[in-house]
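A short write-up of the structure that comes next.
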Amino acid sequence: MSTKRTPVTVIGLGQMGAALAGAFLDAGHPTTVHNRTPEKAAPLVERGAVLAATVAEAVAASDLVVVCVLDYPAVRTLLDPVAAELRGRTVVNLTSGSPEQAREEAAWAAGHGIGYLDGGIMTTPPGVGDSANMILYAGAPELLAEHRPALAVLGDPVDLGADPGLASLYDAGLLGLMWSVFGGWLHATALAGADGVPAKEFTAVAVRWLRTVSWFMTTYADQIDAGEYPGDDATIDVQVATIAHLLHAGEARGVDGRLPRLHLELMKEAVAAGHGGDSYARIIEAFRK
Ligand code: NAP
């Protein structure tokens, strides 16, 4: 079996960039690194990375250049002066930003003959290198196919297709989903905790429940795409009645009720519009302005 690994360059060695470079090193890729503050490279150099003194040197070392810095303006500040050196190479931008910024960056790269993939890292640094975690890619399926073996060492590569804005769009939406789940979980954990249930005990059951919830979501996604929300499993009317128990339990225990009240408000709007007999998926209309 060949053990030859392609050379990679990582620009940006903050918490995330250092984890990315570490994963490449662990997988045996010759890894060149660069950071505005070069001292941060020391632990990686100890593990075998080569420190490039300049961005130009870093870029010249590899055909695959991964960038992970604070924001898109920082990416442009770093890459614009070396656009000529980047021609014919592939930049994988794993910096977080908006879909609009990603599309602008892709256009900038195309204008300079630079291959460009935009990415979203769906984990924190300790989760980098674990194939259970996703890294979203958008902008150039053929480049992802070419570099998949190297990029797969960072996490499971998920191809979102040719629109370079989609990794950022999914990333933003998925973080919103995470905060909503965190909110619901923390509210429920406070509720159970008020009667002495330890968070760990409650969370073991909550995590199992999330699997069932994900099954509901998959069913409702088909309804949303079809634009029809048959209430043949559970209606909004029934859930208005059910959420009253949650509000009551919270009030009785002095638990903050803002979150369930928001859900109730959205459900009541749907009922008032005559959709009480529909499934919960109907609530998507409240988010569509
Ligand atoms: P961080 O630890 O604060 O590191 C920021 C990096 O950006 C450092 O390398 C910093 O260089 C560099 N930088 C900032 N401004 C710069 C500039 N003007 N010119 C050159 N370099 C500049 O942040 P991080 O956690 O690694 O996050 C990096 C990116 O990954 C962000 O876009 C973040 O949203 C994304 N991300 C992070 C996580 C996470 O859990 N941490 C998860 C997913 C995505 P210096 O070292 O010289 O300051």
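In this note's numbering, the protein residues as written are 23 to 311. Where a beta carbon is used, it is the ideal one built from N, C-alpha and C, also for glycine.
Given residue i as reference, the closest of the options once Cα atoms are compared
i    : options                : result
H209 : G36, S190, V277, Y251  : V277
E164 : A74, A154, V81, Y138   : Y138
L176 : L286, G44, T28         : G44
R310 : A40, A292, D300        : A292
V180 : G195, G141, F224       : G141
T225 : Y242, F204, W237       : F204
A131 : I157, S153, H297, A162 : A162
L196 : F46, S118, T54, Y242   : S118
G13  : L116, D152, T241, T112 : Since the first and last residues shown for the chain are 23 and 311, residue 13 lies out of range.
L108 : I246, D85, M38, V30    : D85
I306 : L268, G279, V260, D247 : D247
M239 : N57, K26, S301         : S301
D254 : H169, A75, G299, A174  : G299
F46  : K26, T59, R58, P60     : K26
P60  : T76, A82, A271         : T76
A347 : A106, A243, V219       : Outside the shown range of the chain (23 to 311) lies residue 347, about which nothing can therefore be said.
T53  : L42, G34, P65, P29     : P29
A124 : S190, L173, A64        : S190
Distance, residue j Cα to residue i Cα
i    : j    : result
D178 : D217 : 41 Å
M23  : G110 : For M23, the predicted model reports a pLDDT of 41, less than 50, meaning its position is unreliable; a value from the coordinates is still stated below. Cα-Cα distance, rounded: 29 Å.
K62  : G198 : 31 Å
R275 : I265 : 16 Å
N155 : M144 : 7 Å
A256 : P148 : 39 Å
L101 : Y159 : 20 Å
A212 : E68  : 45 Å
V87  : Y192 : 23 Å
A167 : A184 : 12 Å
A40  : A71  : 11 Å
E122 : G133 : 17 Å
G36  : D93  : 12 Å
L188 : N115 : 13 Å
E127 : R98  : 8 Å
H285 : V260 : 13 Å
G215 : A263 : 24 Å
A194 : A74  : 32 Å
D15  : R280 : A question about residue 15 goes unanswered here, because the residues of the chain that appear run from 23 up to 311.
P252 : Q245 : 8 Å
H56  : A80  : 6 Å
R304 : V227 : 27 Å
P220 : A243 : 34 Å
Check: residue i C-beta below 6 Å from any heavy atom of ligand 1
i    : result
N57  : yes
I265 : no
K62  : yes
I305 : no
S120 : no
L92  : yes
Q37  : yes
I157 : no
I143 : yes
A43  : no
A96  : yes
A53  : Here the sequence assigns Thr to residue 53, which means Ala is not the residue at that position. Outside the cutoff, so no.
G187 : no
T117 : yes
T146 : yes
G34  : yes
Backbone secondary structure at residue i - three-state DSSP
i    : result
T28  : coil
L313 : Nothing can be reported for residue 313: it is not among the residues displayed for the chain, which extend from 23 to 311.
D300 : strand
H285 : helix
V277 : coil
M23  : Low local confidence applies: a pLDDT of 41 at M23 is under 50, so the model's placement there is unreliable, with the coordinate-based value given in what follows. Three-state result, M23: coil.
Any non-hydrogen atom of ligand 3 closer than 6 Å to residue i Cβ
i    : result
L196 : Inclusion of ligand 3 in the displayed structure is not the case, the ligand content consisting of ligand 1 alone.
Entirely within the stretch 110-190 and at least 4 residues each: give me those alpha helix (DSSP H) ranges in chain order.
As summarised for the stretch 110-190, the continuous alpha helix (DSSP H) elements at least 4 residues long and confined to that stretch are 121-133, 163-173, given in chain order.
Could you pull out every unbroken beta strand (DSSP E) segment of at least 3 residues lying fully inside the stretch 184-272, listed in chain order?
DSSP runs (the beta strand (DSSP E)) wholly in the stretch 184-272: none.
For a minimum of 4 consecutive residues, which ranges assigned as the alpha helix (DSSP H) are wholly contained in the stretch 60-104?
Within the stretch 60-104, the complete alpha helix (DSSP H) runs of at least 4 residues are 64-68, 77-82, 94-101.
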